[in-house]
Structures are given as structure tokens and as C-alpha cells.
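There are 4 protein chains.
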Amino acid sequence: MKLGVQGREARRKQLIDVAIKVFAKKGYNAASVNDIIAGAGVARGTFYLHFSGKKDIFVAVLEDYRMELEFMVKVYMKHTGKMTVENCREWLREEVRTWLEFLAEHREATKILLHESGGIDGVFERKRNEARGMMRRHLTRKFRRMQKAGMIRGDVSPETLSLFEMGMLDEVVATQILPHKNPDVERLVEQWAEFEWRGVRRVGS
Amino acid sequence: MKLGVQGREARRKQLIDVAIKVFAKKGYNAASVNDIIAGAGVARGTFYLHFSGKKDIFVAVLEDYRMELEFMVKVYMKHTGKMTVENCREWLREEVRTWLEFLAEHREATKILLHESGGIDGVFERKRNEARGMMRRHLTRKFRRMQKAGMIRGDVSPETLSLFEMGMLDEVVATQILPHKNPDVERLVEQWAEFEWRGVRRVGS
Amino acid sequence: MKLGVQGREARRKQLIDVAIKVFAKKGYNAASVNDIIAGAGVARGTFYLHFSGKKDIFVAVLEDYRMELEFMVKVYMKHTGKMTVENCREWLREEVRTWLEFLAEHREATKILLHESGGIDGVFERKRNEARGMMRRHLTRKFRRMQKAGMIRGDVSPETLSLFEMGMLDEVVATQILPHKNPDVERLVEQWAEFEWRGVRRVGS
Amino acid sequence: MKLGVQGREARRKQLIDVAIKVFAKKGYNAASVNDIIAGAGVARGTFYLHFSGKKDIFVAVLEDYRMELEFMVKVYMKHTGKMTVENCREWLREEVRTWLEFLAEHREATKILLHESGGIDGVFERKRNEARGMMRRHLTRKFRRMQKAGMIRGDVSPETLSLFEMGMLDEVVATQILPHKNPDVERLVEQWAEFEWRGVRRVGS
DNA sequence: AATGAATGAGATTTCATTCAT
DNA sequence: CATGAATGAAATCTCATTCAT
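Chains as they are written, first to last, in our numbering: chain B, 1 to 205; chain L, 1001 to 1205; chain E, 2001 to 2205; chain S, 3001 to 3205.
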């Protein structure tokens, strides 16, 4: 079947979109070039006109995701300036919500990043670290800024705080967001904020 | 070359031990039965005498890990009784330390559980969930007991607290424990306890 | 080495033809996909492009044979109408000759049907029965028609007669046709007709 | 499991008996030494104490069958002398019945001889031919004797007659005896005798 | 005589990639 | 740009046979 003429970019994007679904569903190894070209309704050769191989399109998928992330972070950062001591706790909550919503919206790519891009290939690892590093740096910057402004305690390093937050994020995403169609984000966010803000200590102690 | 005879169990255990290393290093898919038998210095057929295939030995690896976990949890639970309101914070810290040490000691198997047992096969998923479920239930039980004893706050559910703690554990293990030979567990544990106990709120606010 | 492109059907037919020779020579079990691709001068993957496996091509071989048989029976049936009481004995003789010639021409496939398609796989058995059933039904129909027309005796059932004739056919083919390049069909046919027509009874008794 | 001490011959016979069942059920190739030793409740090594391999025990099975056949033929031949012109037709019928009964009684070994001993190995072929050759020679001798005594017609060679009879025997056994637990031997025998004695010719013509 | 763990050649099958049309 | 038949390296799994105990 010959498809209508498309721009190179459109065809490339189409293949990446199919690949995201395929990789998310089957994982990198089990996914086959066959699945991708079948999903895209394209001949084998066409695939190799746009990507040098399976690795290549997987890297392209990660790259794609990283760019979405980058864009999201940039947009978000614009209104970080309005953070004050008073609304600080709400800020933390809102940011968590924003992240969970973003990750839920990109659930397939997120699943790939979380589960499929480690331990297969050095390049994959690097791309994965680029994306996660960006998130991590963003979180770290946020905590550092808060510390400097005296909004939060200063005796735990921002790096470590972001480490903990990333972990919580991953686990919540993996167990509460990815497997469910309509996760109860509201309740999660509220409990998250409570925990992050005051820890587990008994009130008044 | 024919190797000497071993007991059935010894040979099986030997193969599992090699498999743990191989799966941790290469991941399930890239690992081949070849790698395992080469590592064990055993003929192809010998492998199939003990396991019905690659899947089977992978499941055996997960099973093996789950049993170690189970044992560890049991041993640990014995002295949980001594927990009091006063030493409660120390308890949290000590438990984190115990877990990190356990996971560091089983770093290879832990890596497999974290990165290699999802999205490949339904059975793997189930075995993985068995092991993680055990950890999770253990953590949940702990928080519930603390809540009932009034040691910690009551307005965040034990399930959610254990969820957050699992996430933190995973992230710390994945980024700080697994990649380093001698991780600075002490500092991590201290900061963890601080964060978990009091949250991020500025002291005195 | 990459061979030139052929039509799908041509390549498929080529592989089937090679497979007939291979299966006839070695039998289903001893024959390997290797033998077939080596005989066809084709790469391993090419084989699996056309057949899902060894079983599949074997079934295709049986199917192929059945179609040849079907065609032969149809062609033959066209001039069955000219059978009369007078030329009836000649008819029997001529039909035997036709069968022996057909089976001799397809000696390899015939050998497969006789010796290699039983007791290995249920599907094989079924395909074999389809082909033999067609022969058997053809023979039975013939005898029934002859009985109704009063050309032959009526006290032995057409089914049983065709059973005997099939047996004789098989044995003659297996011992006289298949092993020899130029079997003395003439003499066989003559003795066959004599036996079938008059039995073993002494003339005049 | 160590079995009680048995004589060499008893153990050998036991293995052969199991092997007959196994080969009949699965065919030579699909049958495994495993099946045989499992069926006999004997260790792997024990098998190789009695037979040099799978081929060897298969040959032993054929040999065993040939000996049974030989014995049967000898016993039968004793009272061949009483054949006369008058009871000749009955003789033919009785012999067919005897054969069918013998083959039905040894249905497993018969199945092996009919379906499993051709095209696998030269030795098997030879053993098969020995057994079938014995049957064939027996039938040929019978027809020759009848011809000499003027009991049956002389213009069809005894060799060819026995060929036809063997074919009929095989087909009847394969389709009517082997697949059914209680075949209607009586009716078959009667129709057989009718056909063999008088052919298909219309009575009175 | 008996045992059964160990062996390894050999068979089947998959799938990423190439290239002539 | 697009096609899809062809390739072949590499992986999994089987099972007849051996041999130390």
C-alpha cells in the first residue's frame, strides 16, 4: 500500500508515535520493527529510510520525550517567581500535581523511560539519564531556591531532597498512575504535600 | 570435558548464582543460556536438566530473592516489639539502614528486581509483585502499628506512607547504592530520617 | 549470496518441489529444513517467509499431491461414461494402468503418502486421509456404478471391493513401482485384470 | 529405585515389551529412550546394559516379531497337508482368518511393521523385509502348491497372487483391524473369500 | 547389575537489516 | 521516496549416549 506523499518530518513523526505505543506495550526487546511498520502501514524499506535501525528509533523516542519534558519545564519555570513563604506549601503541592498530570498524559513514553531504557544499551542509558537528569536538576534547583529564600529547612541538601522526591514520583507513577485509567490524583497530591511538608512526626510533638 | 558429579541442589544453586550475575549484567533479554552455562562451566544439556528454559531459571532467581527477603523480614520483625515513642525516630533510621544494607548486599538480584522483571512476561510480573508486595506490606504494617501507638501522625494513610518510602528506597538504591561500590550509607540514612521525620518545613515555622 | 527475486508463488512451488524430494528420500523426521534450503539454494529466512515451519511445508506437500490427484480423478471421470458390459474387463485393466502410471510419475510424493504421513501428527493424518479417501471414494463409486449396471457381481459390497483394490494398489506400488526405475507395468496390469476379473478359481470349475 | 533381581532375559524382554507399546504409539522418531525407561521403571544406564541404543532395541522389537511370525507360520504349516480340491476355497478363507487374528493379536507390533520401519534406516528396512518376506514366501508357497495340485488356475503366477494378497491383507489390517477394538472379522473374511475365489465377474457370465 | 548426572551435536526458529526493483 | 523478498547470525531447546559411583 502506497500512502499519499507526506513530508519527511510527518512520516518520521508518524513512525515515532507508533513506536512509542509499541515499545510501551511490548518493551524494547520484544517489540519488533515488524510491529512498528505494521502499525504505521508502511513497508520495511521505508522504515530504514528514516531510521538507521531499531536502536535509532528508540533513541528518537527518548529524544522526543526529552524535548517534551524540556518544553514543559521551561513553561513551568516562567511563573516560579511568584513563590513566597506563605504559598510555599501550596507550590510544592501544585508542582507535584503538574508533574503527575504531565506524566499521566505521556503515560506510554513515561513507561518506556521508567522500565525499558535501562540495561540494554549504553546510548539508551545516556538518553534516559539526560531526561531524568533534567527533571532531577529542575527539582534540585527548586529546593535550592527555597532553601536560600528560607522557605524550607536548610539541613538536608537540595540534591537529596530531589532524590527523594524523584523516587516518590516514580513509585506513585508506576503503581498509581500508569496502571489506572483515571487515578485519584487529588488525594495523592494532598497526602504527598502533607508528608513532604511535615514528615511523619506526630502533630504537636 | 565432563565435570565431576555434584548434588542436584548444589548444581541448581550454582546455576542460579551465575544466572543472577548474568541477568544483572545484561538484562533478561540480552542474557543467553549460553552466558549462564559458560559462566558455570557446564554443558548445555546440564542446564536443561535443572531448568526448563531461560524463563524458568529467571523465575527461580526471583523466587530465590523473595525467599531471602522473606527471611530478612522475619528476622527483622523479631525485635520490632521494642519500638517506643522515644526511640521511634531512631527506629525509622535503623530500618532504612537495614534495608539499604540488605539491598546493597544483594545488589545484583536487587537490580534484576528493579529493572528487569517488568513488562517481559506475566509470570515475571507476578513474581516481582510477590517480592515487592512483601516489602510493601512490611512497611505498611510498620506505619500502621506506629499510628495506632500514636507514635506518628494519623492523617496520612500507612499505605501511602509505605508507597512513598518504597519510592525513596528504589531511587536511592538505583542511583546511590547500585552504581557505587562503597556508598555513603551513613549520610543518606541521616538525611532520610530527617526528611521522613520532619518533612521539608523550616524549623520553627 | 543474495539470489534474484522470484514471484512469491514460484518460490513457494520451488520449495515444495525440493521438499518432496527431500521428504521422499529421508522421511519426515530425518529430513531437516536445512536439507530443503540447501536443495533450493535459498537462505534460512527465505524458507520461513513462505512456510511457518517444517510441519507447514509437509502439509503443503500433501495438499499439493491431493490437488494433483483431484485433477487426475476429474479428468479420468470424463470418459467413464463409455463403459459397457462388453468392455468392462478392459476398463478395469485400463484404470489400473492409469493409476499405476500416475503413481509412478509422482513416485516421490506417492512414497511420502504411503510411508511418511502416518503416526507423526494429527494434521498429517488428516491430509493423508483426504487424499486416500478421494482415491477410495473414486474406486467405490466405480464399483457401485458397475454393480448397478449389472456389469459385475452384486454380492460383495463396492466399499469392500475398493478396499481390496486399494490394498493391491499400495502393495504393487510399494514393491514393484517405487523401487524400480522401469517397472514392467504391462505384465502387472494383465495379471491384475485376470485376478480381479476371475479370482483364483480354476478355469472351468 | 532398584528393582528386584531379575534374569537378564526377563529384563530384556520387559524392555522390549515396553518398547513395542512406545514405538507403536509414537513412532520410531518421536519415541524416546526416556519413554521406554520410564515405562519400564528402569534407570537410563540399565537400558544401555541391555541394548546398545535406540536402534538396537527397535531391531530387537522387529526380530521379536519375526520370531513370533516364524513360529506361527510353522505351526500353521503342519496341517496344510489336509488341503484338497474340495475344501480349497474354505482353506483360503480359514487362512485369511488366521492371519487377521494373528495380526490383530499383535496389533502394536504389526503397526510398527506396517508404518514405522521403512525409510529410517537400512537395517530396519532389512529386518522389515525379513518379516514381510517370510509372510510373502509363505503365501507364495501356498499358491504354488495349489496350482501344482490343480486346485487353482495356473495362468497367474503364485508370486503375483501373493503380492495381491499381501496388499489386501495390509489394507484390511490398517483400516479395519488396527483402528477398531472389535473388528467384524467374520464379514471381512467372507467377502474376501468370495472376491479371491471368483473375482468380480458377474455370476453366470 | 544398576544408577542418573552430565554431555554436546544438531535441529528449529526469529528478526534486524540489506538492496534490487 | 517507497517497496518487500531475501538474508544469515544467533538464540533456544532436545535427546541419544557416556561413565563415575
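A virtual CB, placed ideally from N, CA and C, is assigned to each residue, including glycine. Quantities reported herein were computed from a predicted structural model and do not represent experimental measurements.
Output yes or no for whether 8 Å exceeds the beta carbon distance between residue i and residue j.
i, j, result
"residue 2062 of chain E", "residue 2117 of chain E", "yes"
"residue 1096 of chain L", "residue 1197 of chain L", "no"
"residue 1059 of chain L", "residue 1013 of chain L", "no"
"residue 2200 of chain E", "residue 2100 of chain E", "no"
"residue 1092 of chain L", "residue 1135 of chain L", "no"
"residue 2168 of chain E", "residue 3167 of chain S", "yes"
"residue 2207 of chain E", "residue 2159 of chain E", "Absent from the structure is residue 2207 of chain E, since the part of chain E shown begins at 2001 and ends at 2205."
"residue 1177 of chain L", "residue 1131 of chain L", "no"
"residue 1027 of chain L", "residue 119 of chain B", "yes"
"residue 3083 of chain S", "residue 2202 of chain E", "no"
"residue 37 of chain B", "residue 30 of chain B", "no"
"residue 2023 of chain E", "residue 2033 of chain E", "no"
"residue 3089 of chain S", "residue 3050 of chain S", "no"
"residue 1121 of chain L", "residue 1055 of chain L", "yes"
For residue i and residue j, which I take to be in contact (beta-carbon distance under 8 Å), what is that distance rounded to the nearest angstrom?
i, j, result
"residue 2018 of chain E", "residue 2039 of chain E", "4 Å"
"residue 195 of chain B", "residue 1085 of chain L", "Their Cβ separation, rounded to whole angstroms, is 20 Å, which puts residue 195 of chain B and residue 1085 of chain L out of contact at 8 Å."
"residue 65 of chain B", "residue 106 of chain B", "7 Å"
Helix, strand or coil: which one does DSSP assign to residue i?
i, result
"residue 1112 of chain L", "helix"
"residue 3144 of chain S", "helix"
"residue 1202 of chain L", "coil"
"residue 1177 of chain L", "helix"
"residue 1152 of chain L", "strand"
"residue 3043 of chain S", "coil"
"residue 68 of chain B", "helix"
"residue 2083 of chain E", "coil"
"residue 1001 of chain L", "Note on residue 1001 of chain L: pLDDT 42, under 50, position unreliable in the model; the coordinate value appears next. The answer is coil: DSSP assigns residue 1001 of chain L none of H, G, I, E or B."
"residue 2031 of chain E", "coil"
"residue 1106 of chain L", "coil"
"residue 3016 of chain S", "helix"
"residue 1129 of chain L", "helix"
"residue 1120 of chain L", "coil"
"residue 158 of chain B", "helix"
"residue 51 of chain B", "coil"
Beta-carbon of residue i versus every beta-carbon of chain S: anything under 8 Å?
i, result
"residue 2195 of chain E", "yes"
"residue 2171 of chain E", "yes"
"residue 2120 of chain E", "yes"
"residue 2207 of chain E", "Beyond the ends of chain E as shown, which are 2001 and 2205, falls residue 2207 of chain E; an answer cannot be given."
"residue 2163 of chain E", "yes"
Would you please verify whether the beta carbon of residue i is less than 8 Å from any beta carbon of chain E?
i, result
"residue 3191 of chain S", "yes"
"residue 3106 of chain S", "no"
"residue 3151 of chain S", "yes"
Answer with yes or no whether the minimum CB distance from residue i to chain L is below 8 Å.
i, result
"residue 4 of chain B", "Only weak support exists for where residue 4 of chain B lies, its pLDDT of 48 falling under 50; the coordinates are left without a value."
"residue 33 of chain B", "no"
"residue 87 of chain B", "no"
"residue 198 of chain B", "yes"
"residue 57 of chain B", "no"
"residue 201 of chain B", "yes"
"residue 124 of chain B", "no"
"residue 168 of chain B", "yes"
Does any residue of chain B bring its CB to less than 8 Å from the CB of residue i?
i, result
"residue 1133 of chain L", "no"
"residue 1156 of chain L", "yes"
"residue 1077 of chain L", "no"
"residue 1102 of chain L", "no"
"residue 1029 of chain L", "yes"
"residue 1160 of chain L", "yes"
"residue 1175 of chain L", "yes"
Would you be able to state if there are at least three C-beta pairs under 8 Å between the stretch 3171-3185 of chain S and the stretch 3110-3130 of chain S?
yes
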